Structures are given as C-alpha cells and as structure tokens.
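Trainee: In this note's numbering, the protein residues as written are 18 to 507.
1. Could you spell out where the beta strand (DSSP E) holding residue 383 opens and where it closes?
2. I think residue 453 touches residue 505, with their Cβ atoms under 8 Å apart; what is that distance to the nearest whole Å?
3. Could you tell me which of 74, 186 and 403 sits nearest to residue 108, measuring between CA atoms?
4. Is it right to say residue 359 is buried, meaning 16 or more other beta carbons lie within 10 angstroms of its own, or is it exposed?
5. Can you give, in chain order, each stretch of the alpha helix (DSSP H) that sits fully within the region 112-184 and has at least 4 residues?
6. Count Cβ pairs between the region 259-277 and the region 212-221 that sit closer than 8 Å; are there 3 or more?
7. Exposed or buried, what is residue 482 when buried is set at 16 or more other beta-carbons lying within 10 Å of its beta-carbon?
8. Candidates 187, 310, 338 and 507: which alpha carbon is nearest residue 471's?
9. Kindly list the residues whose CB is nearer than 6 Å to the CB of residue 252, restricted to its own chain and excluding five residues on each side of it in sequence; keep chain order.
10. Could you compute how far the alpha carbon of residue 146 sits from the alpha carbon of residue 193?
11. Would residue 234 be called buried (16 or more neighbouring beta carbons within 10 Å of its own) or exposed?
12. So, with DSSP's three-state summary, where would you put residue 284?
13. Are there 16 or more other CB atoms within 10 angstroms of the CB of residue 237, so buried, or fewer, so exposed?
14. According to DSSP, which residues form a beta bridge with residue 80?
15. So what does residue 429 bridge to, in DSSP terms?
16. Along the alpha helix (DSSP H) that carries residue 503, what are the first and last residues, could you check?
17. Within a Cβ cutoff of 6 Å, which residues of the same chain sit near residue 152, ignoring the five residues on either side of it in sequence?
18. Quick check on the burial criterion: 16 or more other C-beta atoms within 10 angstroms. Buried or exposed for residue 373?
19. Report the option in 389, 500 and 429 whose CA atom is closest to the CA atom of residue 476.
20. Can you tell me the Cα-Cα spacing of residue 32 and residue 263, whole angstroms?
21. With a threshold of 6 Å on Cβ separation, who are the neighbours of residue 91 within its own chain once the five nearest residues in sequence on each side are excluded?
22. Considering only DSSP beta bridges, list what residue 8 is partnered with.
23. What's the call for residue 379, buried or exposed, on a 16-neighbour Cβ count within 10 Å?
24. Exposed or buried, what is residue 487 when buried is set at 16 or more other beta-carbons lying within 10 Å of its beta-carbon?
25. Should residue 350 be labelled buried (16 or more other beta-carbon atoms within 10 Å of its own) or exposed?
26. Out of 104, 127, 49 and 105, which one is the CA nearest neighbour of residue 115?
27. Taking the beta carbon of residue 103 as the centre, do at least 16 other beta carbons fall within 10 Å, making it buried, or is it exposed?
28. Use the C-beta contact count for residue 298: other C-beta atoms within 10 angstroms, 16 or more gives buried, fewer gives exposed.
29. Using C-beta distances below 8 Å, list every residue in its chain close to residue 62, excluding the 5 sequence neighbours before and after it, in chain order.
30. Excluding five sequence neighbours on each side, which residues of the same chain lie with their C-beta closer than 6 Å to the C-beta of residue 125?
Structure follows, in structure tokens:
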C-alpha cells in the first residue's frame, strides 16, 4: 500500500513538472493548464489584461493561450531590439494571417525568401510610382479637394464622417497599384468596405483555431458556423475575381517598356519568371499582395484622420492654433506639399499626437520566433509569438508627461521646431517588418489634414460630446467610434 502511495505521488509530481509547471527561464506571466493555457474569468478586455500583466511583472510578460506561447513587450528599447532581429522576422503560421491559404502569399503573412522578394518588389514599385516623392503630391491634393467638397455638403448638421474619406484615401494607393480610381459612390468600393469589416470580425473568429488547433478536425460545416471560415473564403473569392478582371485589362494594354502601375510590373516579373526557386510568382500571389496593400493603404490612414477630427472637435484651442499656422503658411486655395512640412511644425505635432493616442495596432503586428533564442534575459522557444505593445509604449510615463493628454507641444523644441525623433513612439512598427507604406501615410496625413483645416472646423454636435476612445466592439485593433460630428465651413 505504501509503495502504491509513493508511486502515485511520484507520478503526480512528474506530471506536474512535465505539464503544469512553467519551464525555467521563460518570462513571468500566465501559464495555465496543458492544451488550454490560461483562460481568465473576467470581463476585462485583452488589452486591459495585458496592461495589468505589465504592471505586475514588468516589461516582458508571457501568456500561454491554448498551445501558443505569447510574449508581450511594453518597453520601447526592448521592442525595437526584438523587431530588428532576424530571430523574430517571421509572421506566425496562423490562418487568421494567411486567410486560410495553405502557403502564405502576398507580403503581410509570408515569410523567408518569398516575403523578402515581395516586400522589396512592393517598396521599389511604390517608390518608383511616387511614394515619398513630390510627383505623387498632385494626386493626393486632388483627392483632398474632392473630400473637402463632400465634407462641405454635410456642414451645419450632425452626421458621421462620410464614406468619402475612405474613398479619397483608397484612391491614392489604388492609382499606384491598379492605375484606377473609384468614384465617391462607387458600389464596388462600398461592397469591399463592408466586406473588409466582415473580414476583420471573421479573422478574429478563425483565430480561435490557431490557438486551439485540435478544433481544425471538427466537421467543415461546424467550423463555418463557429469560426466564419466561409466568410473569409467568400471575401477572398470576390476580391480575387475583381482582381482577375483588372489583370485581364492590364494584360491587354501592357507595355513592357513602360509599365504604368504595380500590377503591370508584377505581370512583367511573372512573364520573366523568378530568379529564386523559393519565390512563388503567380496571379494568386499578386491578388493577395494587392489585398495587403489595399487594406494597409486604406484602413490605417482613414482611421487616423477620423480620430484627428474627433480629437480636434473636443480640443477647440488646439484646432484653432493648428488652423492659424496653416493659414499663415498656406494662403487660401494653396494646398500643402512636402516642402511645406518644415514650416508646419505644430500641425506635424498634432498629427503625431493623434498617432500616439490612437495606437491603431495596440499590441502591434505579431511576430514569431524563428529559432530558440534569448530576449531581455529570458529564454524564448522557437514558435513563440512576439507582440510589441504600442499602447503601453505610447502611454509610458518615462517618455510622456501626462500621456493621456493631447499635448502637441511635447513634439516641439525650445525654438518651436518639430522634433522628428521621439523615444517611446512606434505607430508604424520597427525593424525588418516596419510598415512599408509609412512615407505614403505621412504624406497623406499632412496633405489631407491641412486641406480640411483650411476650409473646415470640427465640433461636437450641439448639446453633446464626441467620444475619442476606440470602439470596444473591435478587439485588438483601435478603430474610431461611428458617431456624429458637426462640421462648419470657415
């Protein structure tokens, strides 16, 4: 009997050590149960829980969810180090990233040689087509003017920010990618906009399978019900069918000596063939690359400008100072160019504060450890998910006095000049996978913002306020609330 008790106790200890106890060397945090991880019983959002973890354990914390080890980094320097290292260059092998593709294509979710080739190709083409250069300015100015005219039409009445903002922003990238622009009420773009919102919700649902891979063995019809897989496939089919039409048009008009846009350039590479056997060149890859650019080139800038209107509505003194600077630098009817940026330090400061406060990707875009490695003095096993917590960095009192406040002056030196480098600021990511459209986004923010503030003012609807906090219905991504704003013509 005693032997049985001793053996049972020994077995229990071994099982606890093998399955329940967190291995030595890992960051502090939540471990939980085998195959389940730590599932908290709380109404707090995941963002709030991550902030609590950092307050309790420090700059680098672990949270095991299902079979996934996730490490969240709140320290700016440590985050920059992680994002600069090739050890963490991969994206996770998640269906929510791959959109259910067997082999990740495009640029957002692909890895290795294929990702490197697609990123280099996209950067080269966008720069050749004007990203970050003066030759693109006229196109952005044209869209800004069209947007201002639409905004004027809803002056003196409470109404949400119009769909025209999304159209104007999309048209800038769409001209470079496809050589086309959408009309303000284009039904196809309205459909895509609705589908993108559905896609966001569906990808978070399918993400449950990524954390609990055993669920992938459920019957397909049940997975469609639980994880919206059919919605993802339906979106891809509609977008790729639309792109097929564009590809047919581009093939018919393709001039090998004078490619007009990114699709032309890709078709030429497809015709010539890839120099590397590890790089997939196909029309499907082109479609998913274009989808990545379409999404990244429209959502983030649209949301940032919407947040800007909402923050200015609630901070009329800052709005007035911004308008006074714009009026002084840009006479009525003259739109901003890249050369005007140094003369608009307060405007630049406001835009950077909006980027900081909105923190559109509050825990960053996830990376994956390529190999067993070390970070911050802790052991990081291969496959661990790394997330840099921008919301923590952007509210870190070590870098930001009164971080919850909109304070443009924090970006200005003693001479009133804009300070371009700021510790604790990471809205576009960093390192090898930093946002490839950052310079385009900065161009758009400056030109759209100054055009709007030249002609318009924003305020809360009479008798109410504007809520500048992110929409709680959208998990792990900060989007502005859909609410009314009051526009007046200056």
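For every residue, glycine included, the Cβ atom is placed at its ideal position computed from N, Cα and C. All of these numbers come straight from a predicted model, not from anything done at the bench.
Mentor: Walking through what the data contain:
1. Within the chain shown, the letter at position 366 stands for residue 383. Looking at the DSSP string, residue 383 is not in any beta strand (DSSP E), and its letter there is neither H nor E.
2. Along the chain shown, read from residue 1 onward, the residue named residue 453 stands at position 436. Along the chain shown, read from residue 1 onward, the residue named residue 505 stands at position 488. Not confirmed; about 37 Å, so no contact.
3. Mapped onto the chain shown, residue 108 falls at position 91. Distances from the CA of residue 108 to each of 74, 186 and 403 were compared; the closest alpha carbon is that of 403.
4. As a working mapping, residue 359 is identified with position 342 in the chain shown. That one is exposed.
5. The region 112-184 contains, as complete alpha helix (DSSP H) runs of 4+ residues, the segments 112-115, 129-145 and 154-170 (chain order).
6. The region 259-277 is not in contact with the region 212-221.
7. As a position in the chain shown, residue 482 is number 465, starting the count at 1. Residue 482 is exposed by the Cβ-count criterion.
8. To locate residue 471, count along the chain shown from 1; it is residue 454. It is 507.
9. Residue numbering aside, residue 252 sits at position 235 when the chain shown is read from its first letter. Annotation for residue 252: 212 and 216 place their beta carbon closer than 6 Å to its own, counting only its chain and skipping 5 residues before and after.
10. Walking along the chain shown from the start, residue 146 turns up at place 129. Walking along the chain shown from the start, residue 193 turns up at place 176. Roughly 6 Å separates the two Cα atoms.
11. As a working mapping, residue 234 is identified with position 217 in the chain shown. The Cβ neighbour count for residue 234, taken over all protein chains shown within 10 Å, is under 16; the residue is labelled exposed.
12. Looking up residue 284 in the chain shown gives position 267. In the structure shown, residue 284 adopts helical secondary structure according to DSSP, grouped into three states.
13. Numbered from 1 along the chain shown, position 220 holds the residue referred to as residue 237. Of the residues assessed, residue 237 falls on the exposed side of the cut-off, its CB having fewer than 16 other CB atoms within 10 angstroms.
14. Residue mapping note: residue 80 aligns to position 63 of the chain shown, counting from 1. BP columns for residue 80 point to 47 and 87.
15. The count along the chain shown starts at 1 and reaches residue 429 at position 412. The partner list for residue 429 (beta bridge, DSSP) reads 435.
16. Residue mapping note: residue 503 aligns to position 486 of the chain shown, counting from 1. Per DSSP, residue 503 lies in no alpha helix (DSSP H); the unbroken beta strand (DSSP E) holding it starts and ends at 501-506.
17. Counted from its first residue, the chain shown places residue 152 at position 135. Once the five neighbours on either side are set aside, residue 152 has no close Cβ partner at all.
18. Numbered from its first residue, the chain shown carries residue 373 at position 356. Looking at its Cβ environment, which holds 16 or more other Cβ atoms inside 10 Å, residue 373 is buried.
19. Residue numbering aside, residue 476 sits at position 459 when the chain shown is read from its first letter. It is 500 whose Cα lies nearest to the Cα of residue 476.
20. As a first step, residue 32 is located in the chain shown; it is residue number 15 there, counting from the start. As a first step, residue 263 is located in the chain shown; it is residue number 246 there, counting from the start. A caution first: residue 32 carries a pLDDT of 46, below 50, which makes its placement in the model too unreliable to give a value.
21. Position 74 of the chain shown, counted from the start, is the residue given in the question as residue 91. The beta carbon of residue 91 is closer than 6 Å to those of 71, 76, 406 and 409 in its chain, skipping five residues each way along the sequence.
22. Residue 8 lies beyond the residue range present for the chain, which begins at 18 and ends at 507; the question has no answer from this structure.
23. Here residue 379 corresponds to residue number 362 of the chain shown, with the count starting at 1. Result: buried.
24. Translated into positions along the chain shown, residue 487 becomes position 470. Taking all protein chains in view, the Cβ of residue 487 is crowded by 16 or more other Cβ atoms within 10 Å, so the residue is classified as buried.
25. Here residue 350 refers to the residue found at position 333 when the chain shown is read from its first residue. Taking a 10 Å sphere around the C-beta of residue 350, we find fewer than 16 other C-beta atoms and assign the residue as exposed.
26. Locating residue 115 in the chain shown gives position 98, counting from the first residue. For residue 115, the nearest C-alpha among the options comes from 127.
27. Within the chain shown, residue 103 is the residue found at index 86, counting from 1. That one is exposed.
28. The sequence position of residue 298 within the chain shown is 281, counting from 1. Taking every protein chain shown into account, the CB of residue 298 has 16 or more other CB atoms within 10 angstroms, so this residue is buried.
29. Taking the chain shown and counting its residues from 1, one reaches residue 62 at position 45. Hits under 8 Å: 489 and 492.
30. One-based indexing of the chain shown puts residue 125 at position 108. So the list reads 309, once near-sequence residues are dropped.
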